[in-house]
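Heads up: the structure comes next, in structure tokens.
There are 2 protein chains.
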Amino acid sequence: MRRQVGIREVAAEAGVSITTVSHALNGKGRLSNQTREHVKEVAHRLGYRPNAVARNLAGGRSGLIGLSVAQMIEGQFAIADFAYYAQLMNAATVAAFDRGFALVLASGTKESAWNNLMLDGLIVVDPIRDDPVWAEFSSRGIPVVTTGRVPGDPDGYWIDNDHFEATPAILDHLCARGAERIALIGTPPVTTYATDSREAYERWCIRNGKESMVVIARHDLTEVAGYEATLKLLRRDDPPDAIYAMLDRMAIGALLAGRAEGFAVPRQLQIAGCTDSEAGRLARPSLTALALNPEQIGREAVSMIATLIEGGQPPNPHVIVPTKIIPRGSTRKKTFAATPPLAAPQP
Amino acid sequence: MRRQVGIREVAAEAGVSITTVSHALNGKGRLSNQTREHVKEVAHRLGYRPNAVARNLAGGRSGLIGLSVAQMIEGQFAIADFAYYAQLMNAATVAAFDRGFALVLASGTKESAWNNLMLDGLIVVDPIRDDPVWAEFSSRGIPVVTTGRVPGDPDGYWIDNDHFEATPAILDHLCARGAERIALIGTPPVTTYATDSREAYERWCIRNGKESMVVIARHDLTEVAGYEATLKLLRRDDPPDAIYAMLDRMAIGALLAGRAEGFAVPRQLQIAGCTDSEAGRLARPSLTALALNPEQIGREAVSMIATLIEGGQPPNPHVIVPTKIIPRGSTRKKTFAATPPLAAPQP
DNA sequence: CATGATTGCAAAAACGGTTTGCTCTCATGA
DNA sequence: TCATGAGAGCAAACCGTTTTTGCAATCATG
Chain A
1 MRRQVGIREV AAEAGVSITT VSHALNGKGR LSNQTREHVK EVAHRLGYRP NAVARNLAGG
61 RSGLIGLSVA QMIEGQFAIA DFAYYAQLMN AATVAAFDRG FALVLASGTK ESAWNNLMLD
121 GLIVVDPIRD DPVWAEFSSR GIPVVTTGRV PGDPDGYWID NDHFEATPAI LDHLCARGAE
181 RIALIGTPPV TTYATDSREA YERWCIRNGK ESMVVIARHD LTEVAGYEAT LKLLRRDDPP
241 DAIYAMLDRM AIGALLAGRA EGFAVPRQLQ IAGCTDSEAG RLARPSLTAL ALNPEQIGRE
301 AVSMIATLIE GGQPPNPHVI VPTKIIPRGS TRKKTFAATP PLAAPQP
Chain B
348 MRRQVGIREV AAEAGVSITT VSHALNGKGR LSNQTREHVK EVAHRLGYRP NAVARNLAGG
408 RSGLIGLSVA QMIEGQFAIA DFAYYAQLMN AATVAAFDRG FALVLASGTK ESAWNNLMLD
468 GLIVVDPIRD DPVWAEFSSR GIPVVTTGRV PGDPDGYWID NDHFEATPAI LDHLCARGAE
528 RIALIGTPPV TTYATDSREA YERWCIRNGK ESMVVIARHD LTEVAGYEAT LKLLRRDDPP
588 DAIYAMLDRM AIGALLAGRA EGFAVPRQLQ IAGCTDSEAG RLARPSLTAL ALNPEQIGRE
648 AVSMIATLIE GGQPPNPHVI VPTKIIPRGS TRKKTFAATP PLAAPQP
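Chains as they are written, first to last, in my numbering: chain A, 1 to 347; chain B, 348 to 694.
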């Protein structure tokens, strides 16, 4: 196993000092453009990779970025949806590696553990009000970036989807497919994601003269939570003809509940969920989803925190990641009276 | 913000050289016991924490342990159960920090990213045959520890539960509660976890003269997968009166399917799942589970890989983590003819 | 009592980068 | 002609450990 090529080898090969190599590659110091390019060329030719550990030591950093994905709800550790987090985390991990940082899990980690290994920065996914990890790091002066905003704190550095825009869009989508009475299965209002979506829903109802029907799901936010919330809705005297579930697992629970209660999906009941997932794709009918683009969220968060750690200012402290509606079977177009239905009408 | 106390401060305070401090704290060199203890006392009094970055640089390490939790099944990225992985990962993260390592996600990470930041070791959770990440690291001579064994390779370093022991135990548990016909909802035979459980089930059936009823669930291994597998079982002419699902999410799907098909749980249908979870605890009836103790698995894996990285030999290359049956409502004791039922008999 | 082995500790050399300060050239203006 | 200053690059210090080497002092041995 050949030893890794270091800065000294590059310097020797390029006929300059290691200082010059360092400066050339990091865009620092005062060098002629010619030297700079030459060094870069040699470094590339030799396949030089700066040693992150040495760089961190010199820079007084650990090279570690914490990722906190815990939501403490009623004292319980709850992870809403893994597909979402997995995508976000994987993308963030790769992005961090690319910038010479390593991403470590910071949720569930006891405070005492921080002492052994200092983190340079922290990314909090879906922060809740008075998040203890967030508070701890902020007070230590360690940069923090959140995905989703900190409730009650519009400032700070964050990446977010625009649920005020996306929620009406998906409600309109349901309407366009013939829905008249759209219910919302929400999550407890502990994240801005939850409160934004809820508020956008309420506003949409008022603007469109619709009745607001909201059920907040049990805190574990699983299929069962969605199932039970849906049962409540479908057993009303005036059940909804469409449901927007604020998480895909709850939407799948809604699908199961609709089947159990004898509601044909999408003919009698349309269902859409927030967050796209493999499970939703596999469901029958497949699930219409609002894709949140967690990969991009993760990458943007890493980019921002890395900039902050390196002492720079991100071009914009707030980044909005676009969403996209993915229409699938669970909201397939209703057949209207004007268009004779292909299948025999249900009794 | 006060500067961190370093080895020099400790040396000065203790009236010795930094060499002596390093040796004393790491149990190396030749020092009198008195000096050793004195240095330790001073270090502790000053709250000295060795700088992991410097230590890694000197030791030629990165201080990074990769955690690979991906299962590539039919080209799809599938995570079976997040509650399990979350517990394992959290415990492993803390354990790693305690030993001066940081745990980073290695699943989904493109190979190119390895080049920027070398990992000192790798933990693969539930490896599959010919796992590409596993192969890559092994061939580079980087230590690898797996949780669950590598299919077809009984050697190597691994932590595992003993499913050959646990599976009969939970089947016996179901029998003790009155089950006569126990079905298995399995996962695709890509991990030793899957094949061990399956094989243990088959053996148990033969030993007890029972019919083997197995359904392998759809590859996403979610509630829906369990739901559909259960439907297949319950719609047989001779449906089972108990189901052991090899993942808790599938067990919850079984619960929903049982409800949908009008099977009373646990009276007509007992259900047990592998892996304990919050969701299972919340289900109605609550779900009997085989607890796998993922926290301990994570800790043991970190301990073993850290030992290997530091050049030592773990006391035992194979570690069995004990399991435990947690009886809950879904296998509550059937009322037998001899004991008059408390509730009115069902028509 | 010289010799060699053992013990206890310190000085110095890595580890692989970044950063600071200095030197050397050369053009410019007084 | 000589300060002045800017441009280009280098040497050395530094980051905080671990590890190797070196050197006394002590102790046992022949």
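The beta-carbon is built from N, C-alpha and C at its ideal position, and this holds for glycine as well.
Item: Just to make sure I have the definition right: I need the residues of chain A whose C-beta is within less than 7 Å of the C-beta of N698 (chain B). Which are they?; Value: The structure shown has nothing for residue 698 (chain B), since chain B only spans 348 to 694.
Item: Note down, in chain order, each residue of its chain lying with its Cβ closer than 6 Å to the Cβ of W551 (chain B), except the 5 sequence neighbours on either side.; Value: P515 and L518
Item: Excluding the 5 residues preceding and the 5 following E647 (chain B) in the sequence, name in chain order all residues of the same chain whose CB lies nearer than 6 Å to its CB.; Value: I506 and V666
Item: Curious, which full-length beta strand (DSSP E) runs of at least 3 residues does the segment 172-260 of chain A contain?; Value: 182-186, 213-216 and 242-245
Item: Count the C-beta pairs between the segment 210-225 of chain A and the segment 244-259 of chain A that are closer than 8 Å, then say yes if the count reaches three, no if not.; Value: yes
Item: If you follow the beta strand (DSSP E) that Q660 (chain B) is part of, which residue opens it and which one closes it?; Value: Note, Q660 (chain B): premise wrong, no beta strand (DSSP E); not H, not E.
Item: Pull up the distance between the alpha-carbon of L531 (chain B) and that of R61 (chain A), whole angstroms please.; Value: 51 Å
Item: Is there at least one Cβ from chain B nearer than 8 Å to E9 (chain A)'s Cβ?; Value: no
Item: Quick check: A280 (chain A) and A291 (chain A), are their CB atoms within less than 8 Å of each other?; Value: According to the sequence provided, residue 280 (chain A) is Gly. The question's Ala does not apply to it. Their beta carbons are not under 8 Å apart, which means G280 (chain A) does not touch A291 (chain A) by this criterion.
Item: Any beta carbon from chain B within less than 8 Å of G262 (chain A)'s own beta carbon?; Value: no
Item: Hey, how far is the Cα of G6 (chain A) from the Cα of V53 (chain A)?; Value: 13 Å
Item: Quick one: give me the first and last residue of the beta strand (DSSP E) that L378 (chain B) is part of.; Value: L378 (chain B) -> no beta strand (DSSP E), and no H or E assigned at all.
Item: Can you tell me the Cβ-Cβ gap for V69 (chain A) and V144 (chain A), rounded? I've got them flagged as a contact below 8 Å.; Value: Contact doesn't hold; Cβ gap of about 14 Å is too wide.
Item: Using DSSP's beta-bridge definition, name the partner residues of Q617 (chain B).; Value: B:A589
Item: How big is the Cα-Cα spacing for T19 (chain A) and N33 (chain A)?; Value: 15 Å
Item: The beta strand (DSSP E) that contains S415 (chain B), what's its start and end?; Value: L411 to S415
Item: Against chain B, which members of the segment 83-100 of chain A pass a CB distance test of less than 7 Å?; Value: A86, M89, N90, T93, V94, F97, D98 and G100
Item: Using a Cβ-Cβ cut-off of less than 9 Å, give me the residues of the segment 36-51 of chain A that come near chain B, in sequence order.; Value: G47, R49, P50 and N51
Item: Short of 8 Å in beta carbon distance, which residues of its chain neighbour A453 (chain B), apart from the five on each side in sequence? Order them along the chain.; Value: G413, L414, S415, L466, L469 and V480
Item: Under the rule that 16 or more other beta-carbon atoms within 10 Å means buried, what is A92 (chain A), buried or exposed?; Value: buried
Item: Have a look at A:E165, A:I142, A:L231 and A:G178 and flag the residue whose alpha-carbon is nearest the alpha-carbon of T331 (chain A).; Value: A:G178
Item: Given a threshold of 16 other Cβ atoms within 10 Å of its Cβ, counted over all protein chains shown, does Q660 (chain B) qualify as buried or as exposed?; Value: exposed
Item: Less than 8 Å between CB atoms is the rule here; does R235 (chain A) satisfy it with respect to chain B?; Value: no
Item: Counting C-beta neighbours from all protein chains within 10 Å, is the total for G311 (chain A) 16 or more, i.e. buried, or is it exposed?; Value: exposed
Item: Exposed or buried, what is S277 (chain A) when buried is set at 16 or more other beta-carbons lying within 10 Å of its beta-carbon?; Value: buried
Item: Terminal residues of the continuous alpha helix (DSSP H) containing A449 (chain B)?; Value: No alpha helix (DSSP H) contains A449 (chain B), which is instead part of the beta strand (DSSP E) from A449 to L452.
Item: When the Cβ atoms of the segment 607-618 of chain B are set against those of the segment 555-562 of chain B, are three or more pairs found closer than 8 Å?; Value: no
Item: Give the residues from the segment 193-222 of chain A that approach chain B closer than 9 Å (Cβ to any Cβ), ordered along the chain.; Value: R218, H219, D220 and T222
Item: Look up H318 (chain A) in the DSSP assignment and give the residues it is bridged to.; Value: A:W158
Item: How many angstroms separate the CA atom of Y193 (chain A) from the CA atom of N316 (chain A)?; Value: 20 Å
Item: By Cβ distance below 8 Å, which residues in the same chain neighbour T654 (chain B) in space, the five residues on each side in sequence not counted?; Value: Q660 and P661
Item: Taking Cβ positions, are A11 (chain A) and S17 (chain A) nearer each other than 8 Å?; Value: yes
Item: Taking the beta carbon of D131 (chain A) as the centre, do at least 16 other beta carbons fall within 10 Å, making it buried, or is it exposed?; Value: buried
Item: So G447 (chain B) and N116 (chain A) are supposed to be a Cβ contact under 8 Å. How far apart are they, rounded?; Value: 6 Å
Item: Let me see if you follow: with CB-CB separation under 8 Å, is N116 (chain A) close to chain B or not?; Value: yes
Item: Measuring CB to CB, does S544 (chain B) end up less than 8 Å from H510 (chain B)?; Value: yes
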